[in-house]
Amino acid sequence: MNAKQITSRRNFMDKAFGAGVFGLNKALFPSWMPRLAFRDNTAPGDVLIVVFLRGGMDGLNAVVPFGEGAYYYDRRPTLAVPEPGKGENAAIDLNGFFGLNPLLRPLKEIYDAGALTVVHATGSIDPSRSHFEAMEYMEKGTPGDKSRLSGWLNRHLISAAWQNNSPFRAVGLGASVQGSLRGDYDAMSLQSIADHHLNGRWDQIAHMKRAIASLYQIDQPVNPLEATAAGVYKTVDLLASMTEAEYKPENGVEYSDHEFSKALNQIAQLIKAEVGLEVACVDLDGWDTHENQEGQFAYNLGELGRGLSAFYTDMGADRMKNVTVVTMSEFGRRVEENASRGTDHGHGNCMFIMGGGATGSVYADWRGLAPDALDEGDVAITTDYRDVLSEILTKRVLNPAVDQVFPDYSATIHDILKAR
Amino acid sequence: MDRRQFFKTTTASLFALGAVSQADRVLADQIAERLQTDWANPVRHAESVDPALHVLNRITWGARSEDRAKIAEMGIESYIDWQLNADAIPDPTVEQVLADYPVLNDPFAEVALQAEEDYGAVYTAKQWDRIARAVYSERQLYEVLVEFWTDHFNVPIGDLLTQKFIEDRDLIRPNALGSFRELLLASASSPAMMRYLNQASSDKEFPNENYAREVMELHTLGVTGGYTEADVKALARILTGWTVNEYANRMKFDSDMHDSDEKVLLGRTFPAGRGVEEGLEALDLLASHPATARYISSKLCRKFIQDQPPASIVDSTAQVFTDTEGSIRAVVKHILMSAEFAASEGMKFRRPFEFYVAVLRALRPALKWTFNENMLWVTELLGQMPYRWEPPNGYPDVAGAWISASLLLIRWNFALTFPVANEGWYGDEVRIDWSKLSDGRPMSTLRHILDRAAELIVPGKLTEAHYAAIQDAIAYDGLGFDDPIPEDQFEARLTMVIGLLFASPGFQWK
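In order, the protein sequence lines correspond to chains H and R.
Here numbering that gives the first Met the number 0 is used: the first residue of the first sequence is 0, the next is one more, and so on.
Here numbering that gives the first Met the number 0 is used: the first residue of the second sequence is 0, the next is one more, and so on.
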């Protein structure tokens, strides 16, 4: 029994915050149009969705190097995923050496369709094993250097050669914007499309809306609170029109109730509504499995697989040709399991890339798991994650200015993906 | 200027932004060293600052007229001293409102049993305990500090409901106004903390570094405090054997798990052959380290003064911390009596939980309610349900972490809809008796209502422009500002005024 089972929070939300109860005057909002084009939206490339797996995902058990034999199995007596063919919890073979954790089974279909690529032994090269630090370095795109105040995605938005003044150009799903999106460019945070409106008595709402606009000087904001208020107003009106019609995912998909799946659902809606979305960030927390890894890790992997595959199916293979989803985590976990049937903070990890440029393969400059190949007991990083992101930006998103996105770094393109 | 232009002038503040999720554990104080600026425009609405009101705004959860009368009677310094001597302040109202939750006083075994049977009831009781004390306690400053230390030594509830329940009552609260060293020790030996950060399962064969790292990074020295990865490993080894007796919910030291070899921690050699005492010595070393004095002082200055406190006050506070060997009372008093504090009116943004409590305190005389699930879940929607921050660094304490489009919209919505509770939107258990707020003065026109409500809710914080904006809105449908309000419209107009004041910028800054 956990906290979420105490009461149905959604019941309350429907009662107090649902549009129906308050009798919002629908005449105040334009009826929903399937496409709201912004004249200056000229982004030429893929929509980029960045999924951050927070806590340090155990890449070795997500995409299993079963081909390593004893080097993997001896070090993980209770946690290792069995080789393909060895029972119902066995890894799903991907290329004869690596296998997919069976909890990610929904992704196998996408892999076979050629729309999923795995990169292994990758990550942020800074040796920090502190969540706080490692996330900061990874999201800033400057491992080892904290001096920058912007995230890599924000620098991408600023360095891109095209214009797009939609307030939905960059969206961080959640209560506030992820570190990679922070910076001079003003990205939007969004929790849910349906809840994004002002509430109150139906006969007062228009007046209250006017009053708050005036109280916060949204035409001339002079501090961050007022500037945020102005942003709220811009988006409320637009999203109101989207919620008028109830969204139904396509191709028979049902998104799960988990925050991660719901966030991907929001993104699918925003993409289909063509509101000018270019970049979205989503988080999936809870990967820090120091103890009794099996339960928590299984839960998380299940959600990851379900969420990504629901999104893929809802979007459809055609739309997904113009979308790139990439996952990353601040570090991997140690090869050797610990005394608590868990794993401690490690280094090298895997990344998933789903969508247009993927090739249905596993890319890794794999050194193996023999003791002398490891980085102090951890998987070494042989492909810098900035190389992977640079390739996505140049070949898929079509922003070649990666030297600005990842300053003081010279990216190598490893031809992991197909170009647009 | 638009938001983008605004941030160009204060780009420095950007990575001071924390985030309300495990998403971003960037601790603003790590950045504080490198930042020079705070918000470019501190939101100061009052023409002149009432120093007594400013103190109340910072050390209470919302200044009521009783509080203003009390501080006027006692004088500022005596009032602060009175609040710092929290044990001596009787708290009958709290006892009353918690009377229906006897589990709050039960021993561990009993609480655990009840949680087995009905997790939700125990969870709700603990949440109500936190909310009720913030709203109703006379020991307001003490409750502010309990929240501060709860964030500082963060342990999320969840799988550790019962342990955290007990930890809050028996370990954090008794030490919240005492010595930092005692508080650190209480946290280090807390079953909740030891389970949360995996200390309880750390042994000499596989030392678990999680707690060792966080106790230095987050609880004492700070991430720039000068410890190395080798120190983390050494401390992890020193603390092996610190584990938990689950049945009694107490710390126990298991010498079989303990690594008694020699270690070097922060340059000090810990000779071989010792047991629990070397862990105690290590914690002592951390508590009395100059980096700790600095780090704790900077966090307290952030809490009470402003997000990026001037170096001068952080320095002098660190000195007081060192001189008094970490006396929380002395340190807090020093901060509150400082010139830097006096100059900081309007510069702290109300976090979601304190916003929620401030709404309830402002309406307190009129509130006729029993705590229900709706009132519980509002705190989650607003973004700051107690005990629900997952990573060890605790809810962030900088404006940037809480100013986002989503959270602002939800805050406005609570502000506008809670006053209309009599319509049943927050459940049948929540009603507001508006007659209890009139205090004998006439309330027959919109002007009366706005003046009285502004005095109650945003004293000294409503500019002429704000007043005009609200005045304009509430006089809808041709009702004049000085016309008598028709009986059947009274409550609707009143709730609109109150809602707009709760939503106004002045209510968000303190």
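Glycine is no exception: its CB is placed at the ideal position from the N, C-alpha and C atoms.
Can you check whether the CB of H:N100 is closer than 8 Å to the CB of H:V425? What is shown of chain H runs 0 to 419, which leaves residue 425 of chain H out entirely.
Leaving aside the five residues before and after R:S443 along the sequence, list all residues of the same chain whose C-beta is less than 6 Å from its C-beta, in chain order. P483
Between the C-alpha atoms of R:L170 and R:V54, what's the straight-line distance to the nearest angstrom? Between the C-alpha atoms of R:L170 and R:V54 there is a straight-line separation of about 28 Å.
Rounded to whole angstroms, how far is the Cβ of R:A111 from the Cβ of R:L183, which I believe are closer than 8 Å? In this structure R:A111 does not touch R:L183 by the C-beta definition: roughly 26 Å separates them, more than the 8 Å allowed.
With 9 Å as the limit, tell me which residues of the region 214 to 229 of chain H have their beta carbon closer than that to any beta carbon of chain R; keep them in chain order. Taking 9 Å as the Cβ-Cβ cut-off against chain R, the residues of the region 214 to 229 of chain H that qualify are L214, Y215, Q216, Q219, P220, V221, N222, P223, L224, E225, A226, T227, A228 and A229.
Taking Cβ-Cβ distances shorter than 9 Å, what residues in chain R pair up with H:L197? Within 9 Å Cβ-Cβ: L408, W411, N412 and L415.
Counting only runs that start and end within the region 184 to 243 of chain H, where is the beta strand (DSSP E) found for 3 or more residues in a row? 187 to 189
Around the C-beta of R:Y246, are 16 or more other C-beta atoms found within 10 angstroms, so that it is buried, or is it exposed? exposed
Helix, strand or coil for H:F259, going by three-state DSSP, please let me know. helix
In the DSSP assignment, find the alpha helix (DSSP H) that holds R:I165 and state where it starts and stops. L160 to E166
Give the straight-line distance between the Cα atoms of H:P43 and R:S503, rounded to the nearest whole angstrom. 42 Å
Using the beta-carbon count (16 or more within 10 Å), is R:D37 buried or exposed? With a pLDDT of 43 at R:D37, under the threshold of 50, the predicted position of this residue should be treated as unreliable, and no value is reported.
Nearest residue (CA-CA) to R:W433, options R:F489, R:Y100 and R:F348: R:F489
If the cut is a Cβ gap below 7 Å, which residues of chain H does R:R212 touch? Within chain H, the residues S129 have their CB atoms less than 7 Å from the CB of R:R212, given in chain order.
Pairwise C-alpha distance: R:Y100 and R:L160: 16 Å
With three or more C-beta pairs closer than 8 Å as the rule, is the region 119 to 133 of chain H touching the region 316 to 332 of chain H? yes
Quick one: Cα of H:L420 to Cα of R:L415, how far? Residue numbering for chain H in the displayed model covers 0 to 419; residue 420 of chain H lies beyond these limits and cannot be assessed.
Between R:Q113 and the ligand NAD, is the CB less than 7 Å from at least one heavy atom? In the structure shown, the ligand NAD is absent, as is every other ligand, since no ligand is present at all.
So what's R:L366 in DSSP terms, helix, strand or just coil? strand
Hey, could you find the ends of the alpha helix (DSSP H) R:W388 is sitting in? Per DSSP, R:W388 belongs to no alpha helix (DSSP H) and is neither H nor E.
H:F351 - partner residues in DSSP beta bridges: H:V117
Shortest alpha-carbon distance to R:R249 belongs to which of R:Y78, R:M192 and R:E454? Nearest of R:Y78, R:M192 and R:E454 to R:R249, Cα basis: R:M192.
Kindly indicate if chain R contains any beta-carbon less than 8 Å away from that of H:M319. no
Is the number of C-beta pairs between the region 49 to 64 of chain H and the region 339 to 347 of chain H that are closer than 8 Å three or more? yes
Per DSSP, cross-strand counterpart(s) of H:T326: H:V50
Within chain H, partners of R:A175 - CB distance below 8 Å: Near R:A175 there are no residues of chain H at all, since even the closest Cβ is about 25 Å away, more than 8 Å.
Suppose the cutoff is 7 Å on Cβ atoms and the five residues either side in sequence are ignored; what does the same chain contact list for R:W424 look like? T416
Helix or strand or just coil, what does DSSP make of R:L103? helix
Chain-ordered residues of the region 190 to 214 of chain R with a beta carbon less than 7 Å from chain H: N197, S200, D202, E204, F205, N207, E208, N209 and R212
For H:N348 and H:P126, the rounded distance between their alpha carbons: 13 Å
Find the nearest neighbour of R:T369 within the set R:G345, R:W60 and R:D128, judged by alpha-carbon distance. If we check each option's Cα against that of R:T369, R:D128 comes out closest.
Return the CA-CA distance between R:A271 and R:A199, expressed in angstroms with no decimal places. 22 Å
Do H:S149 and H:R104 count as a contact pair if the criterion is CB distance below 8 Å? For H:R104 and H:S149, no; Cβs fall outside 8 Å.
Does R:D322 come out as helix, strand or coil in the three-state DSSP assignment? helix
Beta carbon of R:I295, beta carbon of R:E339: below 8 Å? no
Quick check: what's the CA-CA separation for H:A363 versus H:A418? 19 Å
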